[in-house]
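Residues 1 to 380 (UniProt numbering) make up the sequence shown, in order.
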Amino acid sequence: MLRGCIRPELNRSGIRKSELSGRAYNLPRATKSPPPASTKGPPTPSPPTPTPATISPAPLVITEHEVRRLFKGQNIRKVCGPDMVSPATLKHCGSELAPVFMDILNQSLELRRVPACFKSAVIIAVLKKPKITCLNDYRPVALTSVVMKAFERLVLSYLKASTDHLMDPLQFAYRPNRSVDDAINIALHFILQHLDNRNTYARLLFVDYSSAFNTIIPDLLHSKLTHLNIHPLLCSWITDFLTNRTQYVRLGPQLSQPRTVNTGGPQGCVLSPLFFSLYTNDCTSGDPSVKTIKDVDDTTIIGLISNNDESAYHREVSLLESWCAVSNLELNINKTVEMIVDFRKKPPTHPPLVINNSSVTVVEHRVPGHNHHQHTQMGQ
Numbered sequence: 001m002l003r004g005c006i007r008p009e010l011n012r013s014g015i016r017k018s019e020l021s022g023r024a025y026n027l028p029r030a031t032k033s034p035p036p037a038s039t040k041g042p043p044t045p046s047p048p049t050p051t052p053a054t055i056s057p058a059p060l061v062i063t064e065h066e067v068r069r070l071f072k073g074q075n076i077r078k079v080c081g082p083d084m085v086s087p088a089t090l091k092h093c094g095s096e097l098a099p100v101f102m103d104i105l106n107q108s109l110e111l112r113r114v115p116a117c118f119k120s121a122v123i124i125a126v127l128k129k130p131k132i133t134c135l136n137d138y139r140p141v142a143l144t145s146v147v148m149k150a151f152e153r154l155v156l157s158y159l160k161a162s163t164d165h166l167m168d169p170l171q172f173a174y175r176p177n178r179s180v181d182d183a184i185n186i187a188l189h190f191i192l193q194h195l196d197n198r199n200t201y202a203r204l205l206f207v208d209y210s211s212a213f214n215t216i217i218p219d220l221l222h223s224k225l226t227h228l229n230i231h232p233l234l235c236s237w238i239t240d241f242l243t244n245r246t247q248y249v250r251l252g253p254q255l256s257q258p259r260t261v262n263t264g265g266p267q268g269c270v271l272s273p274l275f276f277s278l279y280t281n282d283c284t285s286g287d288p289s290v291k292t293i294k295d296v297d298d299t300t301i302i303g304l305i306s307n308n309d310e311s312a313y314h315r316e317v318s319l320l321e322s323w324c325a326v327s328n329l330e331l332n333i334n335k336t337v338e339m340i341v342d343f344r345k346k347p348p349t350h351p352p353l354v355i356n357n358s359s360v361t362v363v364e365h366r367v368p369g370h371n372h373h374q375h376t377q378m379g380q
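Quick look at the structure:
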């Protein structure tokens, strides 16, 4: 049985109609003068019922209690960011600092501007293993403001609550009661249910994006958030949060010159994974025989093919290429692989899938808890 009882056939819009009741018009009281000759006129029109698209979203307002709770929950072992505000300071002085930072954060939202000190990051090198042999043994880690991370968690909760009912049903990241296990289960369900029919097989394309988080265009994300009915103030605030960010490298006592970044979701920020999920929310399949399953930047396209007709599968892959070009995302053909599941006794030779004039490799592919082999056939 599938975990989470996920039903792909859920309404994609997901917005329930508001139960707002229209108020009756205040009609003037009848006078003592005789009524007009026509006793029945046209019916009085009822006031229009607001639709979900016209209902203004509630703005995000930070309360002192929320700030104090986040400050008190700080991990004092974490490293401070470029602003040198340590988690220990926020934890031990949370009651005194909460009202001050509450005013700062609410004014930041109202003005749609993020303070420059909250948009700075310092990049340090962390060892991957004890013995160093080359530069690849270091992992670059971005340290950002601890105060800003706490504020990001409030924005994260607001965005999740505001967009969950509008998200693609086959997106499994940042959704309540869903996990990567559910994504695997629903994929297996689609495939095995389809293979119960005669003369069928499935092609699975495991998509890999090149530097996925670093390619987000802030203005394009702004328009997508507006389409999801996020409050305009917050949309503009997010655009400012992603632009004119400064970062520099620290190696021992040495500091590099700062660089300004205007593209992508910043490394080390709480909001970056959700930004990418919202950024790719409109990347869906328009054909019922092709399923696009997503978990943040992990995307799998499943073609449920009958009678050797792969036209819908190839069409959706072509649409994915076009969508990537518009969204400033680049498919990494070297890491994008395909798996073919064909249980027929004498399957034909399947032509390779071509993306950007390059053939996609059909290889053994491993996902958590499962091991799949190239051209999986009956008896293997």
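Beta carbons: idealized from backbone N, C-alpha and C, even for Gly.
What are the partner residues of P140, as DSSP defines its beta bridges? As a position in the sequence shown, residue 140 is number 140, starting the count at 1. Answer by DSSP bridge pairing, in chain order: A125.
Under DSSP, the alpha helix (DSSP H) around Y279 begins and ends at which residues? Within the sequence shown, numbered from 1, the residue matching residue 279 stands at position 279. S272 to Y279 is the span of the alpha helix (DSSP H), which, as asked, contains Y279.
Would you call the CB atoms of F241 and K160 closer than 8 Å? As a first step, residue 241 is located in the sequence shown; it is residue number 241 there, counting from the start. As a first step, residue 160 is located in the sequence shown; it is residue number 160 there, counting from the start. No, these two residues do not count as a Cβ contact at 8 Å.
Hey, could you find the ends of the alpha helix (DSSP H) T299 is sitting in? Here residue 299 refers to the residue found at position 299 of the sequence shown. Run containing T299: none in the alpha helix (DSSP H); it sits in the beta strand (DSSP E), D298 to S306.
If you follow the beta strand (DSSP E) that K291 is part of, which residue opens it and which one closes it? For the purposes of this step, residue 291 is taken as the residue at position 291 of the sequence shown. Per DSSP, K291 belongs to the beta strand (DSSP E) from V290 to D295.
CB-CB length for L251 against V155, believed under 8 Å: Reading the sequence shown from its first residue, position 251 is the one you call residue 251. Reading the sequence shown from its first residue, position 155 is the one you call residue 155. That pair is no contact at about 32 Å.
From this set, R245, T63, L192 and R203, which residue's C-alpha is nearest H314's C-alpha? As a first step, residue 314 is located in the sequence shown; it is residue number 314 there, counting from the start. The option with the nearest alpha carbon to H314 is R203.
Only counting the same chain, and skipping five residues up and downstream in sequence, which positions put a Cβ closer than 6 Å to that of L225? Residue numbering aside, residue 225 sits at position 225 when the sequence shown is read from its first letter. Taken in chain order, the residues that qualify are C235.
Pick from I62, S162, R245 and S179 that is closest to P99, judged by C-alpha positions: Mapped onto the sequence shown, residue 99 falls at position 99. Cα-wise, what sits closest to P99 is I62.
Which residue wins for smallest C-alpha separation from T246, given the options T263, P232 and I230? By 1-based counting over the sequence shown, the position of residue 246 is 246. The shortest C-alpha separation from T246 is found at T263.
Exposure label - L255; buried when at least 16 CB within 10 Å: The residue you call residue 255 lines up with position 255 of the sequence shown. Exposed.
Along the beta strand (DSSP E) that carries E338, what are the first and last residues, could you check? In the sequence shown, the residue the question calls residue 338 occupies position 338. Counting along the chain, the beta strand (DSSP E) containing E338 begins and ends at V337 to V341.
For S311 and T200, which I take to be in contact (beta-carbon distance under 8 Å), what is that distance rounded to the nearest angstrom? Position 311 of the sequence shown, counted from the first residue, corresponds to residue 311. Position 200 of the sequence shown, counted from the first residue, corresponds to residue 200. 15 Å between Cβ atoms; not a contact.
As a quick exercise: from T215, T299, S223 and Q267, pick the residue whose alpha carbon is nearest that of N328. Along the sequence shown, one-based indexing puts residue 328 at 328. In terms of Cα proximity to N328, the closest of T215, T299, S223 and Q267 is T215.
So who's on the other strand from F206, going by DSSP bridges? On the sequence shown, residue 206 is found 206 positions in, with the first residue counted as 1. DSSP output for F206 lists T300 and V337 as bridge partner(s).
Just mark T300 as buried or exposed, buried being the case when its beta carbon has 16 or more other beta carbons within 10 Å. Counted from its first residue, the sequence shown places residue 300 at position 300. Buried, since its Cβ has 16 or more Cβ neighbours within 10 Å.
Suppose you measure from the CA of P232 to the CA of F190; what does that come to, to the nearest Å? Taking the first residue of the sequence shown as 1, we reach residue 232 at position 232. Taking the first residue of the sequence shown as 1, we reach residue 190 at position 190. Computed Cα separation, rounded: 39 Å.
Find the nearest neighbour of K291 within the set V67, S277 and L170, judged by alpha-carbon distance. On the sequence shown, residue 291 is found 291 positions in, with the first residue counted as 1. When each option's Cα is compared against that of K291, the closest is L170.
Contact belief for D297 with V180 at Cβ below 8 Å, rounded distance in angstroms: On the sequence shown, residue 297 is found 297 positions in, with the first residue counted as 1. On the sequence shown, residue 180 is found 180 positions in, with the first residue counted as 1. So it is not a contact: roughly 12 Å between Cβ atoms.
Taking the continuous beta strand (DSSP E) assigned at L251, which residues delimit it? Within the sequence shown, numbered from 1, the residue matching residue 251 stands at position 251. Looking at the DSSP string, the run of the beta strand (DSSP E) that includes L251 is R245 to L251.
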